[in-house]
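Undergrad:
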Amino acid sequence: MADKRRTTDPPRTRRLIALVPLLWAAGCGSPGSQQRVVTVWAMGREGEVVGDLLPQFARAHPDIVVRVQQLPWYAAHEKLLTAFAGDATPDVCLLGNTWIPEFVALKALEPLDEPLAHSGVVRREDYFPGIWDTNVVGGALYGVPWYVDTRLLFYRRDLLARAGFPEPPKTWQEWSRALAAIKALVGPERYSVLLPLNEFEPLMVLALQQGDPLLRDGGRYGNFESPGFRRAFAYYLEMFRRQWAPPVANTQISNAWEGLGRGYYSFYINGPWNIGEFRR
430 MADKRRTTDP PRTRRLIALV PLLWAAGCGS PGSQQRVVTV WAMGREGEVV
480 GDLLPQFARA HPDIVVRVQQ LPWYAAHEKL LTAFAGDATP DVCLLGNTWI
530 PEFVALKALE PLDEPLAHSG VVRREDYFPG IWDTNVVGGA LYGVPWYVDT
580 RLLFYRRDLL ARAGFPEPPK TWQEWSRALA AIKALVGPER YSVLLPLNEF
630 EPLMVLALQQ GDPLLRDGGR YGNFESPGFR RAFAYYLEMF RRQWAPPVAN
680 TQISNAWEGL GRGYYSFYIN GPWNIGEFRR
């Protein structure tokens with residue numbers, strides 16, 4: 430668990446532990462010791478689930494008081510950076526594994542190899558190697574995976590049907606025709622698809638459909654000059670040039686779920702954690 434004392438490298442930092450499950454893995458203190466407070470930041474639906482797990486943790490560790498703060502995913506990255514700059518980070522935080530290298534470079538995360546060496550709960554062999562290794566930077570472990578997900582294509586079936594497509598597109602060509610038809614249907618003030626400028630995942634989804642690998646030179650560099658990535662990037666840019674997608678970041682969108690519900694856009698690529706939000 431993160432040490433709340435100031436560290437010498439760098440100044441102004443209280444380090445984060447990358448993922449919430451470390452709270453349950455850490456055997457902090459013993460019954461009867463002075464009660465301690467642990468702050469946890471969790472995002473989206475996961476934040477609600479953490480609250481459901483706390484009673485069991487409290488029974489096992491009565492000397493620890495856990496305070497959970499829920500954050501929306503779209504605001505989490507900026508809030509974490511602001512907290513780091515202001516020396517106001519939580520002790521434990523849910524953190525997307527794609528963010529881990531950035532926060533490691535900032536020296537904002539506490540390496541976990543030593544505390545986990547004494548854990549009877551978290552064992553590397555219990556985890557899928559591919560996702561475990563995304564938490565390892567420079568040979569050190571900075572997070573423990575909680576779950577694995579993939580991106581989904583959410584879409585407005587009614588607007589797609591009105592545009593002449595009773596079924597969702599299955600190829601780039603079909604998707605281009607659908608995006609063009611929806612744009613013609615909804616007019617200049619609305620769009621066909623939401624592709625937030627500060628989210629790299631939609632572009633990666635397109636690039637992964639190509640035959641060229643994303644990395645080169647033993648995984649040390651991005652293979653961005655490959656024909657496959659160039660095709661993916663050109664298609665990605667085309668969606669903005671044709672005004673099928675609004676040129677906005679997710680921080681400029683007050684509520685992505687309401688935007689889809691109101692028909693501001695008809696397609697949205699995001700994670701399965703949004704299913705619950707769309708059903709509300």
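For the sequence shown, the residue numbers in the working numbering are 430 to 709.
Glycine included, every Cβ here is placed at the ideal spot set by N, Cα and C.
1. Between which residues of its own chain and Asp542 is the CB-CB distance below 7 Å, once the five residues before and five after are set aside?
2. Going by DSSP, name the residue or residues bridged to Asn699.
3. Compare the C-alpha of Val469 against each of Arg585, Leu524, Leu624, Glu654 and name the closest.
4. Looking at the unbroken alpha helix (DSSP H) that takes in Gln672, where does it start and where does it end?
5. Using CA atoms only, rank isn't needed, just tell me which of Val467, Asn627, Thr600, Pro597 is closest to Phe486.
6. Name the DSSP beta bridge partners of Val467, please?
7. Hey, Ser655 and Gln672: beta-carbon distance below 9 Å or not?
8. Ala454 to Leu545, Cα distance in whole Å?
9. Indicate whether Asn699 and Arg580 have their beta-carbon atoms separated by less than 9 Å.
10. Leaving out five residues before and five after Gly651 in sequence, what residues of the same chain have Cβ atoms less than 7 Å from its Cβ?
11. Counting only beta-carbon separations shorter than 9 Å, does Gly700 have a partner in chain C?
12. Is the beta carbon of Val533 sitting closer than 9 Å to the one on Val566?
13. Between Pro530 and Thr563, what straight-line distance do the alpha-carbon atoms span, to the nearest angstrom?
14. Expressed to the nearest angstrom, what Euclidean distance is found between the alpha-carbon atoms of Ala636 and Thr518?
15. Which of the three DSSP states, helix, strand or coil, is assigned to Gly640?
16. Quick check on Arg496: buried or exposed, where buried means 16 or more other Cβ atoms within 10 Å of its Cβ?
17. Assess contact between the region 663-681 and the region 615-632, defined as three or more Cβ pairs (one per stretch) separated by less than 8 Å. Is contact present?
18. What does DSSP give as the partner residues of Gly651 in its beta bridges?
19. Over what stretch of residues does the alpha helix (DSSP H) that includes Arg619 continue unbroken?
20. Any idea if Trp604 is buried or exposed, counting beta-carbon neighbours within 10 angstroms, 16 or more meaning buried?
TA: With the structure as the only source:
1. Ala569, Leu570
2. Leu581
3. Leu524
4. It is not in any alpha helix (DSSP H) - Gln672 carries neither H nor E in the DSSP assignment.
5. Val467
6. Val495
7. no
8. Only weak support exists for where Ala454 lies, its pLDDT of 41 falling under 50; the value from the coordinates is given anyway. If you take the alpha carbons of Ala454 and Leu545, they lie about 8 Å apart.
9. yes
10. Leu643, Leu644
11. The question asks about chain C, but that chain is absent: this structure has only one protein chain.
12. yes
13. 9 Å
14. 35 Å
15. coil
16. exposed
17. yes
18. Leu644
19. Where Arg619 is concerned, there is no enclosing alpha helix (DSSP H), given that its DSSP letter is neither H nor E.
20. buried
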